[in-house]
Structure formats: C-alpha cells, structure tokens
Amino acid sequence: MMDLVQIAVLPNDSEALVIRSLLESNGIHVVMRSSLVQSVHPITVDGVGKVRVLVRPEDEEKARELLDTGSQPNIVTE
Numbered sequence: 006m007m008d009l010v011q012i013a014v015l016p017n018d019s020e021a022l023v024i025r026s027l028l029e030s031n032g033i034h035v036v037m038r039s040s041l042v043q044s045v046h047p048i049t050v051d052g053v054g055k056v057r058v059l060v061r062p063e064d065e066e067k068a069r070e071l072l073d074t075g076s077q078p079n080i081v082t083e
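Note that the sequence shown covers residues 6 to 83 in the numbering used here.
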C-alpha cells in the first residue's frame, strides 16, 4: 500500500471533485476518502461525510501550492 498525505478536508464530494480535477489536471494523482456512502446520505452532519483529499508525499508541496493560489473558502488544509 502506498503512503499518502492528507492535504485537504472538504464538506462534500462535489467540492472534493473540483479539487481533484484541479490537481489531476496538473499531473497529481489524487485519492479521496470519506466515512460516509454519499449516494445513501448525501449530506454532512457534525463532520460525518467530509471528504479527505490525499496525494503522494512527493506531490504534497505542489498540491498545496495549487490549493493556496485559489480562493477556496471551504478547504481545510492539514
């Protein structure tokens, strides 16, 4: 299993897909993880259902730079 670094937490799948598109269009492989099955419960309640965006360690710096250049108020970078 490859090591991954979490670079953002988003409130829902739709917003995570926008970030995924941005990163992948810049050559960064992205993995998204959520504790909730979105098709069954498409809302976020008390943090349940938030989507974690992960990248390879070697892509972390470039990914963070790309996220920092945009104005994405709902992104929580960690």
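Where a beta carbon is used, it is the ideal one built from N, C-alpha and C, also for glycine.
Can you check whether the CB of residue j is closer than 8 Å to the CB of residue i?
| i | j | result |
| --- | --- | --- |
| LEU71 | LEU9 | no |
| VAL14 | ARG61 | no |
| LYS67 | PRO16 | no |
Going by DSSP in three states, residue i sits in which element: helix, strand or coil?
| i | result |
| --- | --- |
| SER39 | strand |
| ILE24 | helix |
| ARG57 | strand |
| LEU127 | Residue 127 cannot be examined here, being either before or after the span of the chain that is shown, 6 to 83. |
How close, in whole Å, do the beta carbons of residue i and residue j come, if the pair is a contact with beta carbons under 8 Å?
| i | j | result |
| --- | --- | --- |
| ASP64 | ILE33 | 5 Å |
| VAL36 | LEU28 | That pair is no contact at about 11 Å. |
Less than 8 Å between CB atoms is the rule here; does residue i satisfy it with respect to chain D?
| i | result |
| --- | --- |
| LEU27 | The structure shown contains no chain D; it holds only a single protein chain. |
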